[in-house]
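> Residue numbers (the working numbering), protein chains in the order written: chain H, 1 to 496; chain Z, 1 to 321.
Think of the CB as a built atom: it goes at the ideal place given N, C-alpha and C, for glycine as much as any other residue.
Given the structure is predicted, the values throughout are model-derived calculations rather than measurements.
Quick one: the structure is below, and I'll ask about it shortly.
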Amino acid sequence: MTPILKLENIQKSFPGVRALHNMQIELMPGEILAVCGENGAGKSTLMKVITGVYHADAGNIYLNGEKITIKEPNDAYSKGIAIIFQETSLFKDLTVLENLFVGHEPRRQVGPFKVIDYDLMRSKAQEIFKFLGVDMDLDVIVDKLGVASKQMVEIAKAMTYGAKILILDEPTAALTNKEVRALFSTIARLKEQGISMIYISHRMEEIFELADRVTVIRDGEYVNTANINEVTENQLITWMVGREMSNIYPKTDLEIGDVMFEVQHMNRSGLINDVSFKLCKNEILGIAGLAGAGRTELAECICGLMSKDSGKVILNGKELEISDYKDAIAQGIVYASEDRKKYGLVIAMSVMENTTMSILDRISKSSLINFGTERELTDQYMKELQVKAPNRDFVVENLSGGNQQKVLLSKALVAKPQVLILDEPTRGVDVGAKYEIYKIIEKLAAQGVSIIMISSDMPELLGMADRILVIKAGKLVWEVKRGPDMTQEKILEKAL
Amino acid sequence: MNVIKDFLKTREGYLGIFCVLFFVFLCLTSNFGNDLYSYFKDVSYMIIGGLAACLIIMTANIDISSGTILGIVGFVSGSLLKLGVPIPAVILIAMGVGFINAYILAFVTIKFRVPSMVVSLAMIKLHIGLFPLLPAAGRITNIPSDIIAMGNIRFGFVPLLLIIALAILIFFMWFMKYTKFGRDIYAAGGSPDSAKLSGIKPNKVIFKTFLVSGCLLGITGIMFWLPSSQVQPSGCIGLEMTFITIAVVSGASMFGGTGRPIGILFAAMLVAMLQRACILWNLGNAWLYTFYGIIVILAVLSTVSDFGELKRRLLGVKAQA
């Protein structure tokens with residue numbers, strides 16, 4: 001059988017960086033091919049070559065056995081190749097119907113004018129959504145839709161071009177479990193109709209559930225391809241990182257100290273409902289729950305980022321007065337946000353400026369910044385956390401995701417926290433960098449910092465936490481200590 | 001030496017080199033060099049006005065009423081000077097006028113979350129409506145000649161005003177780099193959400209920045225009017241665009257969070273030179289605006305496109321040879 005899409009010997013360099021080298025990929029008609037690799041392995045570059053955003057320096061692309069060139073994204077569309085990006089590219093002020101046909105609206109002749117044929121658009125759109133098995137109001141403004149629905153609109157939009165090859169780039173990153181199920185059933189329908197798909201994901205369980213075959217790439221080079229039922233998760237990880245990874249959670253059995261931090265009867269109408277818990281020295285406390293259960297809001301209430309209706313925060317036996325986040329930092333409670341680009345770092349500023357941003361008070365004398373101390377602290381944390389940046393004045397925007405996360409961690413650590421709240425500390429970070437972040441967390445716990453870790457990555461919570469709280473609809477529903485009861489099934493059961 | 005070398009590699013460095021080349025060119029091709037005094041007088045108020053605009057732009061806001069407020073400052077301070085109020089007091093009152101104006105602008109912008117563009121547009125209309133800013137109105141003549149002389153103190157071709165303006169600019173270069181408040185402006189302008197998560201209150205920082213900018217506009221007003229023999233408030237309508245041009249050329253991004261005061265110096269020199277050049281070459285205002293347009297586009301292009309890449313391409317051949 002000829003592959004519907006075949007790339008061979010693809011080379012692509014950027015000034016100073018070799019992004020792709022001897023890259024190859026083969027997509028069979030009607031199959032789902034997973035492509036996985038660490039962040040920076042070249043997945044995005046490869047997809048951009050396929051969709052005509054970048055031009056390969058060398059190499060051939062074959063469509064149905066015929067050699068083609070893809071000059072620009074529209075070229076890819078017209079050849080039936082469509083990509084669904086992580087961030088949707090929809091026009092948020094237009095309706096679903098208008099979005100589907102932006103740029104290629106069907107038109108009809110009225111006198112001397114060609115006008116948009118809404119009736120034809122509508123009937124085509126209905127047909128497509130029926131084909132996808134999705135109920136969708138065509139006249140709703142896209143901005144009002146949830147992430148999952150937006151994604152469906154994206155897929156439908158690809159279908160309006162008559163796409164035969166669909167590339168899905170981390171489609172489940174922002175979805176709840178239920179939405180993921182809905183997406184998967186749509187993917188299954190598409191597959192039945194003979195659409196070939198390239199599926200990019202970090203999440204192993206998704207790859208094993210969906211894909212027929214999997215291709216692993218590393219450092220811009222092709223590593224291996226295997227049928228999904230002939231390979232194990234460990235095997236894939238080994239291919240991805242290029243070395244054996246026996247246990248990615250560097251958990252050691254630490255002696256857990258006395259209670260040092262306590263939250264009592266935290267309330268915030270509609271979001272948090274009477275949550276109380278204690279936290280000990282050296283302890284890593286995991287907080288599990290579904291998206292929207294109120295985990296982030298709980299953290300924000302503790303740190304004064306969101307005003308609480310009632311509730312006490314007690315550190316070392318003393319009740320803290322926290323009216324805004326500045327008070328929290330001053331008293332040793334530090335929060336590292338889940339969305340590092342939006343809420344954690346100012347990406348146009350340098351590594352140093354970001355690192356010290358929240359502690360300028362401490363290293364300034366009568367509002368004058370002490371540059372010596374600032375440089376020293378930055379260098380210290382860059383070294384400690386192995387931030388890979390050319391120098392401390394390097395702009396954060398140009399760092400990789402894992403390194404940005406490390407800068408965010410430096411920013412939290414430089415504040416010398418007694419209680420560190422980490423919200424999704426490894427989101428969007430590759431396997432290797434994840435391991436390093438876990439090591440840092442473990443080291444901090446050993447140094448006597450109490451850590452609250454909010455995460456949707458269940459294996460990560462199970463691997464790192466000494467104790468897990470399960471939050472559901474703003475309520476604390478279950479608490480479990482490390483032991484036989486702490487399993488993914490039980491936690492999910494309570495969280496749902 | 002290394003500091004200078006590094007500086008010349010930055011965007012501001014290129015701007016500086018271009019500025020100096022253009023300066024030399026003008027001196028050689030026209031009698032520009034004969035009246036450097038009035039050129040530097042223009043540069044003085046443009047530096048401070050540009051700085052005021054730049055601070056606002058760094059917070060991702062814009063103030064298009066910075067021209068008309070100068071008219072009010074001129075009207076108020078001119079009247080007071082005629083009454084015999086001493087100059088230091090007049091300067092303070094002028095800064096107060098700018099302060100109050102900025103307070104209203106910042107209050108409405110931040111409290112009610114109205115884009116500052118719209119608020120300052122309304123402010124322009126208020127300025128013109130409430131104060132005698134229409135042509136031929138509010139003119140103040142017969143200002144005592146000793147006061148006019150004070151505005152024209154000079155050391156060779158260097159006006160005292162330029163020295164003051166440079167002193168203020170140097171203060172701000174230091175202020176933006178070495179103080180916490182300076183750093184906070186970059187953070188609050190670059191990403192208010194991230195600033196919040198660093199214990200910075202972005203709205204408070206932005207509010208204060210507006211106030212500082214207002215005071216600077218008061219000083220700009222004094223610098224603009226003091227050396228001239230009469231105040232004609234309508235004359236400064238349109239200056240806001242000059243100031244915004246200077247801020248943009250200096251490298252401040254409209255999205256906030258970037259901008260360096262050193263760039264203001266060269267941008268003000270460049271804009272004032274264009275003004276002079278159009279007079280010297282008898283080109284008229286139409287050409288002046290055309291040149292403004294071209295340098296703004298070039299300046300914006302140099303901030304959005306990869307400047308390092310362009311440099312490599314320009315210098316690349318030389319490096320290989």
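Quick one: Cα of I417 of chain H to Cα of V334 of chain H, how far?
In the sequence as presented, Ile is not what sits at residue 417 of chain H; that position holds Pro. Their Cα atoms are separated by approximately 6 Å.
> So, is L56 of chain H buried or exposed, given that buried needs 16 or more other C-beta atoms within 10 angstroms?
It should be noted that the sequence gives Ala, not Leu, for residue 56 of chain H. Buried.
> Whether or not the region 183-200 of chain H and the region 27-43 of chain H are in contact is what I'm after, with contact meaning three or more pairs of Cβ atoms, one per stretch, closer than 8 Å; do they touch?
Taking 8 Å as the limit for Cβ pairs, the verdict is that the region 183-200 of chain H does touch the region 27-43 of chain H.
> Going by DSSP in three states, E66 of chain H sits in which element: helix, strand or coil?
strand
> Buried or exposed: which applies to P88 of chain Z, given that a residue is buried once 16 or more other Cβ atoms fall within 10 Å of its Cβ?
exposed
> Roughly how many angstroms lie between the CA atoms of P261 of chain Z and L70 of chain Z, to the nearest whole one?
Cα-Cα distance, rounded: 21 Å.
> When DSSP labels each residue in this structure, what does L28 of chain Z get in the three-state scheme?
Looking at L28 of chain Z - three-state DSSP - the assignment turns out to be helix.
> Using the three-state DSSP reduction, which class does R113 of chain Z fall into: helix, strand or coil?
The answer is coil: DSSP assigns R113 of chain Z none of H, G, I, E or B.
> Pull the bridge partners of M453 of chain H from the DSSP assignment, please.
Per DSSP, H:G286 and H:L422.
> So D6 of chain Z contacts chain H; which residues on that side make the cut at Cβ distance below 8 Å?
Going along chain H, no residue has its Cβ under 8 Å from D6 of chain Z, so there is no contact; the nearest lies around 11 Å.
> Take V317 of chain Z and list the residues in its own chain whose beta-carbon comes closer than 7 Å to its own, dropping the five residues that flank it on each side.
A caution first: V317 of chain Z carries a pLDDT of 46, below 50, which makes its placement in the model unreliable, though a value can still be read off. Same-chain partners within the cutoff: there are none.
> Just how far apart, CA to CA, sit I237 of chain Z and A277 of chain Z?
C-alpha of I237 of chain Z to C-alpha of A277 of chain Z: approximately 22 Å in a straight line.
> Quick check: the Cα distance between N61 of chain Z and K180 of chain Z, rounded to an integer number of angstroms?
21 Å
> So for I241 of chain Z, helix, strand or coil by DSSP?
According to the sequence as given, residue 241 of chain Z is Met; it is not Ile. M241 of chain Z falls in the helix class under three-state DSSP.
> Step through the CB atoms of chain Z and report whether any lies within less than 9 Å of the CB of M458 of chain H.
no
> Would you check if the distance between the CB atom of G218 of chain Z and the CB atom of A106 of chain Z is smaller than 9 Å?
no
> Just to confirm the assignment, what range does the alpha helix (DSSP H) spanning A187 of chain Z have?
K180 to G190
> Alpha carbon to alpha carbon, what distance is there between G74 of chain Z and W225 of chain Z?
6 Å
> What is the rounded straight-line gap between the Cα of G474 of chain H and the Cα of N273 of chain H?
5 Å
> Just list the residues that DSSP pairs Q264 of chain H with in beta bridges.
H:K312
> Just to make sure I have the definition right: I need the residues of chain H whose C-beta is within less than 8 Å of the C-beta of L197 of chain Z. Which are they?
L305, Y325, Y335, S337, Y343, G344 and S358
> The alpha helix (DSSP H) with R203 of chain H in it runs from where to where?
Neither: R203 of chain H is in no alpha helix (DSSP H) and is coded neither H nor E.
> Assuming contact is defined by CB atoms lying nearer than 9 Å, are I314 of chain H and N282 of chain H in contact in what I supplied?
I314 of chain H places its beta carbon 9 Å or farther from that of N282 of chain H.
> Compare the C-alpha of K43 of chain H against each of H:I200, H:V223 and H:Q264 and name the closest.
H:I200
> With DSSP collapsed to three states, give me the class of Q331 of chain H.
coil
> Using C-beta distances below 7 Å, list every residue in its chain close to S13 of chain H, excluding the 5 sequence neighbours before and after it, in chain order.
A19 and D57
> Using the C-alpha atoms, what's the distance from M121 of chain H back to Q404 of chain H?
44 Å
> How far does the beta strand (DSSP E) with V216 of chain H in it extend, from its first residue to its last?
Looking at the DSSP string, the run of the beta strand (DSSP E) that includes V216 of chain H is R213 to R218.
> For R11 of chain Z, name the three-state secondary structure that DSSP assigns.
helix
> Would a C-beta distance cut-off of 9 Å place L279 of chain H and F261 of chain H closer than the cut-off?
yes
> Applying the criterion that 16 or more other CB atoms from any shown protein chain within 10 Å of the CB defines a buried residue, is N282 of chain Z buried or exposed?
exposed
> DSSP on H55 of chain H, reduced to helix/strand/coil?
coil
> Roughly how far, in whole angstroms, is the beta-carbon of V263 of chain H from the beta-carbon of I302 of chain H, given that I think they are within contact range, below 8 Å?
6 Å
> Would a C-beta distance cut-off of 9 Å place M240 of chain H and S310 of chain H closer than the cut-off?
no
> Let's test the definition: count the other Cβ atoms within 10 Å of the Cβ of V102 of chain H and tell me whether it reaches 16, buried, or not, exposed.
exposed
> Can the beta-carbon of A125 of chain H be found closer than 9 Å to that of L138 of chain H?
yes
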